[in-house]
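One structure below.
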Amino acid sequence: MRKLEKGRTSMNKGIVMELGEHSIIVMNPQGRFDKIPRGTRSCEVGEEIIYTPAKRRLRIPQTAIVSGMVAAIVVCFVLVSTLTGGVASGTVAAYVTIDINPSVEIGIDKNEVVVDLHGLNSDGDQLIQGVTYKGKSLTIVTSDILDKAEQGALGKGEGDIVISSTVVNEKAKVSDEEIATKLKAQVAKHIETSHPDQVSNYEVTAFAAPQAIREQAQASGVSAGKYAIYLNAVDSGVDVSLDDLKSTSIHQLAKENSGIASIVKPEKPIDKSSLQRLLDDEKSGKLSEKMRETQEKRVATGSTPGKNDSQNGKGNGGNAQGKASVKPLPTLGNKWNEPTFGKGREGDSRNNRGNDNDRNNNGNSSKDNGKDNGKDNNNRGGNVGDDRNDNRFGSAGNDDRGGRGRAEETKKPSSTKAPTPT
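Counting from 60, one number per residue, gives the positions in the sequence shown under the numbering used here.
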């Protein structure tokens, strides 16, 4: 502190409001303004200084007072912003996406107060209708969204909920990982309360995503959470496209591929570094190539997990049911012989005599055989196998030794006239 000049006993404190070339305007604690010589004093607007008041008070015009106060407010705002990381309340510091079946995105400030809420698809737009959010905490708005979702996708007794958080202003000092962890716990608690008997039917996945993922997701027309799941699905060899995810839910994708664990491997949890790597591979084409190689290996080894597994399981089930519905082939003495080869299967009524002989030929006759043998008789026996004697010779054509033709070689008539039946 400067040494007081002799003869001056009173000193004042004040805030510098205006700096002139030769003078300084200072506002004292009583709200009055003093004009003092600047001299060699070094100070800045907004700085508090100690000074000796002048003998005469200066009357400051009203406009100068107002402009001075505005300057002081601006200075204070700058100081506060500097001390708190450069981001004022009300400015979006991070975005959170929640995918149930509707997809929504929530913008929060550095204090986790919601300043923006919008749907990312038509279901999301419908979900947030009537939800008030401005000025409310992220926890409260999330709770309201979950309660409303119970009237739709979340109330079906099963589901896959994916949460992503992305910091968009690094100066805000907001932890995206902490936000994701906290919301995951909140959603899990909601499910335990609302669906105590169906907790195992729900899966909650939460992670922090880099800003590049959110930007690419916006360009692709999906949420950051869905885009992250898409990258992991392709990396796991699942044949899925972004268009598929636009029209279906993550839960449906998980169901078709044996659960979310087949897409997001427990040993490879989602984090910002892995997502950035997958994004780079997606842009370079490496990710698609890896998916093709994985699928080719599975085809070669006969292993088709995921969506194909689900379909194969249904196919095998269908085959098993088909086999169960097929009657066993008949054998001699089998109880199926009579209904299979009795009146219902004894060929044509025109060949009923031939069918009696068929029983002695190991049950191999059928309606089709009778017809075929009739043709054989006409071809090899001339007029002998005409309609007048069809019944007599029909059975001979069914003989295992060679059919009607063999019988005719044994006893071939000398004329074209059919033999007289005995």
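Glycine residues also receive a C-beta, built at the ideal position from the N, C-alpha and C atoms.
For K94, no alpha helix (DSSP H) encloses it; the enclosing beta strand (DSSP E) starts and ends at 92 to 96. In this structure, V75 is the residue among E326, A278, V75, Q335 with its C-alpha nearest to the C-alpha of K94.
Residue nearest to L338 within the set E315, L304, V293, S317 is V293 (criterion: CA-CA distance).
In this structure, the straight-line span from the alpha carbon of I322 to that of N316 is close to 8 Å. Given a length threshold of 3 residues, each whole run of the beta strand (DSSP E) inside the stretch 242 to 295 is given here in chain order: 261 to 267.
Apart from the 5 residues on each side of it in sequence, V246 sits with its Cβ closer than 6 Å to the Cβ of I220, V263 in its chain, given in chain order.
Nearest Cα to L304 within the set K314, Y289, S101, S295: Y289. For I187, DSSP records no beta bridge to any residue. Scanning its chain for C-beta atoms nearer than 6 Å, with the 5 sequence neighbours on each side dropped, one finds around I167 the residues A153, V173, L197, in chain order.
Put simply, of H254, D235, E341, G344 the residue whose alpha carbon is nearest the alpha carbon of N170 is D235. Between G296 and Q354, the beta carbon gap of about 6 Å places them in contact (Cβ cut-off 8 Å). Contact annotation: A212 and I159 have beta-carbon atoms nearer than 7 Å. Beta-bridge pairing by DSSP links S347 to no other residue. According to the DSSP assignment, H310 belongs to the alpha helix (DSSP H) that extends over 309 to 315.
Straight-line spacing of the CA atoms in Q311 and H177 works out to 23 Å. With contacts defined as CB atoms closer than 7 Å, I187 and V163 qualify as a contacting pair. Contact annotation: T156 and S202 have beta-carbon atoms that are not nearer than 7 Å. Taking the C-beta atoms as reference points, T240 is found no nearer than 7 Å to Q270. Annotated as proximal: A267 and K331, with beta-carbon spacing under 7 Å.
Nearest in C-alpha terms to S333, of all of E77, S347, N291, is N291. When the Cα atoms are used, L179 and Q185 turn out to be separated by approximately 10 Å. Between the C-alpha atoms of S308 and R273 there is a straight-line separation of about 18 Å.
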